[in-house]
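Chains as they are written, first to last, in the working numbering: chain W, 9 to 123; chain C, 18 to 354.
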């Protein structure tokens, strides 16, 4: 079963935010990698928000001292749209970063001080 | 002398000419004789499908349309089941036979075509009739299947053979469609619970083949956001608002926009019942029972709405500054000269 507990979901969101922060920073090649990771993660979280994979899990002990579990799927479409927006934003940032990197490799002296 | 020589040559020529004519006229008779070479060919097809094999396998009760075309007009096109005459087509280049096979076995449908010159052509269809079990060609929806409480649930199935298709839910008979290979069932009275075992079962008299679905009916899943995720979004919104105020450029624009959207989303979900606190526990029958309670707060919604408005203003200001900077990058630079 594809079940993603809420705790893991929250961790993935925090990881996504870290990826976006790195992609916006000035870490050159590393921000491209983080940007691509951010796109994939945002898209994944967008799907998870509406396909029923995100679950709230429950557990308990029966009278026979065995553990039983159950889960309730979480659906929230506005959250999916937020993640889709992040996909678009991260995509734009990543393309911008790639173009900057290409431009820098073609003309490394841009921005250098002329002494 | 000369005249006698010429005369003798003339006579010899006449004799030679005579023999040559007699020779050639005899040969001419033999070459101009018209030999009519009888020739008729036959092309076969069945069920109006060309290019198919002449061997076919069917189930009892099936009807097959056979067809042949001849290369020229045939006086007779005769159809036989083995050696048993079935029917005859006359003065045609196309023959057809429709035949139903009711019993299992191997049948040889022989076709004999004959033209006006008594030239013949033959072909044979080999028909194997055997009892086989039907297979599921198509079914809808996929299993497991979930529907919202109050919604209709429609199931349908298509088998490879005709038979009586019966429907059951958890073994309880619902209905039967007779002599069909497609059947559909719509449930309008599903109650929350499950998974229910929905079964479509075809009975061909020889085989019974089932198609099963696991069907669950739940309350609508719209807008159920656990409190923990709501708190997470609130934290993300606060972080975004902080960065939107303190950062500039694309970083400031992005974070303020994100913060605006989350604040607006939180404002809505805190009053429309989306935020829920889940509860669960073990029942006396050792099953898990779950429940939820909506968390609604109008004052909190106003706070989030206020944050959304503030962050919208921040976002617009950040956007304006960035546009101005892109148009005139030197604005604000100190000129030391």
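Glycine residues also receive a C-beta, built at the ideal position from the N, C-alpha and C atoms.
Nothing here was measured: the structure is a model prediction, and the numbers come from that model.
Check: Beta-carbon proximity check, residue 232(C) vs residue 202(C), cutoff 7 angstroms; Outcome: no
Check: Alpha carbon of residue 271(C) to alpha carbon of residue 21(W), nearest angstrom; Outcome: 16 angstroms
Check: Opening and closing residue of the alpha helix (DSSP H) in which residue 110(W) lies; Outcome: 85-114
Check: Which residues DSSP lists as bridging residue 337(C), in chain order; Outcome: Answer is none; residue 337(C) lacks a bridge partner.
Check: Burial state of residue 142(C), where buried means 16 or more other Cβ atoms lie within 10 Å; Outcome: buried
Check: Beta-carbon contacts of residue 63(W) that lie in its chain and below 6 angstroms, excluding the five residues immediately before and after; Outcome: 11, 79, 81
Check: contact_flag[the stretch 328-344 of chain C, the stretch 272-292 of chain C] where n(CB pairs < 8 angstroms) is 3 or more; Outcome: yes
Check: Selection from 338(C), 269(C), 161(C), 84(C) that minimises the alpha carbon distance to residue 211(C); Outcome: 161(C)
Check: Own chain, CB closer than 6 angstroms to residue 145(C), minus 5 neighbours either side, in chain order; Outcome: 74, 123
Check: Residue 212(C) (DSSP reduced to helix, strand or coil); Outcome: strand
Check: Backbone CA spacing between residue 31(W) and residue 255(C) [nearest angstrom]; Outcome: 20 angstroms
Check: Residue 7(C) versus residue 205(C) - alpha carbon distance; Outcome: The first residue shown for chain C is 18 and the last is 354, placing residue 7(C) beyond what the model contains.
Check: Residue 264(C) and residue 153(C) closer than 7 angstroms at C-beta; Outcome: no
Check: Per-residue contacts from residue 295(C) into chain W (C-beta, under 8 angstroms); Outcome: 64, 66, 80
Check: Beta carbon of residue 155(C) nearer than 7 angstroms to that of residue 175(C); Outcome: yes
Check: Cross-chain neighbours of residue 25(W) in chain C, by beta carbon under 7 angstroms; Outcome: 253
Check: Residue interval of the alpha helix (DSSP H) (run including residue 7(C)); Outcome: Since the first residue shown for chain C is 18 and the last is 354, residue 7(C) is missing from the structure and cannot be characterised.
Check: CB contact below 7 angstroms: residue 108(W) versus chain C; Outcome: no
Check: Length of the line joining the Cα atoms of residue 117(C) and residue 57(C); Outcome: 29 angstroms
Check: Cβ neighbours of residue 93(C) in the same chain (closer than 8 angstroms, five flanking residues each side left out); Outcome: 105, 106, 107, 129, 130, 131
Check: Euclidean distance between Cα positions of residue 217(C) and residue 101(W); Outcome: 53 angstroms
Check: Residues that residue 117(C) bridges to, as DSSP identifies them; Outcome: 80(C)
Check: Span separating the alpha-carbon of residue 85(C) from that of residue 138(C); Outcome: 11 angstroms
Check: Any C-beta of chain C under 7 angstroms from that of residue 50(W); Outcome: no
Check: Residue 91(W) to residue 98(W) span [Cα, whole Å]; Outcome: 10 angstroms
Check: Contacts of residue 42(W) in chain C (Cβ-Cβ under 7 angstroms); Outcome: Correct list: empty, because the minimum Cβ distance to chain C is about 13 angstroms.
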